Amino acid sequence: MFVETLNSGKLVSISPSDQQNLFALVEEIHYSQSNKEQNEEAISQIKMQKKLIPPELKDHILEFVNSDYSYLLLKNLPQTKCDELLLLLTSLVGDPFAHADEGSLIMANKPIKTEEAQHTTAYFTWNKFDLHTELPYIQTPPDFISLYCVNNVKGGYTYLSNVERALHLLSQDQMIELKKPQYTIPIPPHFGADKKQEFKRPLLSIVKGRPSLRIRQDGLVSETEAGMEAAQALQSALDMVREAIELEPGSLIIINNHLSAHGRAPFRPTFNHEDRELHRVYLIEDVNKFGKNYDPIHRRIRGF
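This note's numbering numbers the first residue of the sequence shown as 28 and each following residue consecutively.
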């Protein structure tokens, strides 16, 4: 197993023996899902197997959860049983969930040829996706998100930006503005929500002494000019400390959704099996944080 620090993240390259051990843990498990529900029997089987994850790999994942790293990149994973492996490894991080208005528990991020895709930026589009945090328009965003690379294209970069590094480039006045609940982040059209479900929130909070960011620049509105200038300065700072990773098939990246913003380079879609395809899951450390918005039977949250 090879381990290396990468800017604001950590790389763990899996050894051939650990690769075989991981595949053996999920080989006989057959996960399936629909837009509304998922195979809970398979998820239970996967959770039973997490205690058998190779100890050194398990330690690296658990250490990441409580660290200041923006992301953990795992390479050289088996390239089959990708959804089962995604659920297995992230079971050490938190519970998987989805938004009831968006789709499956594990979302396939790949280009879809629809008229809506020409006019929006989302998981099914291929245009540049500015640095953002995941689900910033809901009350309780994911603690982590994870992406398993099924396939990638040349130049299909995933961008990552460490929040703490970006904040060092801002003034105290700008950070004061970012902490005010004066920002509205529009809900993307594919959720089917209306503006009555949008709320004013701060872009920056401090939780247990650490920064917690929520941001998505497209359509962002502030009730003050100073607030908007601070948001633009934040976006510029995030761009300045940005790093790029070209994920390879068989790699999995776990991103801290509070300490890191992420984005995507534009690419040319082919709408076939050779397209860029990342399987994504949202993770929460404690589902009780969702309160009454959470449906434990279907692992879905409702509302914003």
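Yeah, the Cβ is synthetic: ideal placement off N, Cα and C, and Gly gets one too. Treat the numbers as computed from the prediction; the structure is a model and nothing was measured.
Own chain residues within Cβ distance below 7 angstroms of residue i, not counting five before or after
i: glutamate 333; result: Absent from the structure is residue 333, since the part of the chain shown begins at 28 and ends at 331.
i: leucine 196; result: Ala264, Met267
i: phenylalanine 298; result: Pro138, Lys140
CA-to-CA distance, residue j to residue i, given in whole angstroms
i: alanine 135; j: lysine 63; result: 15 angstroms
i: valine 361; j: serine 198; result: Since the displayed the chain opens at 28 and closes at 331, residue 361 lies outside it and no answer follows.
i: glycine 130; j: glycine 219; result: 12 angstroms
i: valine 308; j: leucine 84; result: 20 angstroms
i: arginine 295; j: tryptophan 153; result: 7 angstroms
i: glycine 121; j: alanine 257; result: 32 angstroms
i: arginine 303; j: threonine 141; result: 17 angstroms
i: isoleucine 311; j: asparagine 284; result: 10 angstroms
i: lysine 74; j: leucine 162; result: 26 angstroms
i: valine 53; j: leucine 247; result: 42 angstroms
i: methionine 255; j: methionine 202; result: 12 angstroms
i: lysine 206; j: leucine 230; result: 6 angstroms
i: glutamine 47; j: lysine 223; result: 51 angstroms
i: isoleucine 133; j: glycine 236; result: 32 angstroms
i: isoleucine 233; j: histidine 300; result: 43 angstroms
i: glutamate 275; j: asparagine 179; result: 6 angstroms
i: tyrosine 186; j: arginine 269; result: 6 angstroms
i: lysine 316; j: proline 168; result: 10 angstroms
i: proline 238; j: arginine 192; result: 11 angstroms
i: glutamate 55; j: alanine 69; result: 10 angstroms
i: glycine 318; j: glutamate 204; result: 29 angstroms
i: proline 213; j: aspartate 221; result: 9 angstroms
i: glycine 36; j: valine 190; result: 12 angstroms
i: proline 43; j: proline 82; result: 15 angstroms
i: threonine 336; j: alanine 260; result: Since the first residue of the chain shown is 28 and the last is 331, residue 336 is not available in this structure.
Beta-carbon proximity of residue i to residue j, cut-off 9 angstroms
i: alanine 288; j: serine 188; result: yes
i: tyrosine 164; j: glutamate 67; result: no
i: phenylalanine 331; j: glutamine 209; result: no
i: leucine 33; j: leucine 100; result: yes
i: glycine 277; j: lysine 102; result: yes
i: serine 59; j: glutamine 65; result: yes
i: cysteine 109; j: tyrosine 175; result: yes
Close-in-space but distant-in-sequence residues of the same chain around residue i (CB under 6 angstroms, 5 per side omitted)
i: arginine 329; result: Ala127, Asn320
i: phenylalanine 50; result: Pro105
i: isoleucine 282; result: Tyr98, Ile172, His289
i: tyrosine 184; result: Ala271, Glu273, Ala292
i: glutamine 145; result: none
i: arginine 327; result: Ala125, Ala127
Reduced DSSP secondary structure (H/G/I, E/B, other) of residue i
i: proline 238; result: strand
i: alanine 149; result: coil
i: isoleucine 73; result: helix
i: lysine 102; result: strand
i: arginine 291; result: strand
i: threonine 117; result: helix
i: glutamine 336; result: Only positions 28 to 331 of the chain appear in the structure, and residue 336 is not among them; the question remains open.
i: alanine 220; result: coil
i: serine 44; result: helix
i: arginine 329; result: coil
i: histidine 285; result: coil
i: proline 82; result: helix
i: valine 190; result: helix
i: glutamine 60; result: strand
i: isoleucine 203; result: helix
i: alanine 51; result: helix
i: leucine 310; result: strand
i: glutamate 142; result: coil
i: valine 248; result: strand
i: histidine 300; result: coil
i: glycine 182; result: coil
i: phenylalanine 171; result: strand
i: phenylalanine 124; result: strand
i: asparagine 136; result: strand
i: lysine 227; result: strand
Residues near residue i by beta carbon distance below 8 angstroms, same chain, minus five either side
i: leucine 119; result: Lys77, Ile80, Lys85, Ile88, Leu89, Val92
i: lysine 227; result: Pro208, Gln209, Tyr210, Thr211, Glu250
i: glutamine 262; result: Asp157, Leu158, Ile242, Gln244
i: isoleucine 41; result: Met28, Leu49, Leu84, Leu101, Lys102, Asn103, Leu104
i: proline 323; result: Val314
Presumed contact (8 angstroms Cβ cut-off) between residue i and residue j, rounded CB distance
i: histidine 325; j: leucine 113; result: Not confirmed; about 19 angstroms, so no contact.
i: leucine 286; j: aspartate 170; result: So it is not a contact: roughly 10 angstroms between Cβ atoms.
i: threonine 147; j: proline 216; result: 6 angstroms
i: threonine 160; j: leucine 240; result: 6 angstroms
Contact test: residue i Cβ vs the ligand MN heavy atom, cutoff 8 angstroms
i: alanine 257; result: Inclusion of the ligand MN in the displayed structure is not the case, the ligand content being empty and no account of it being possible.
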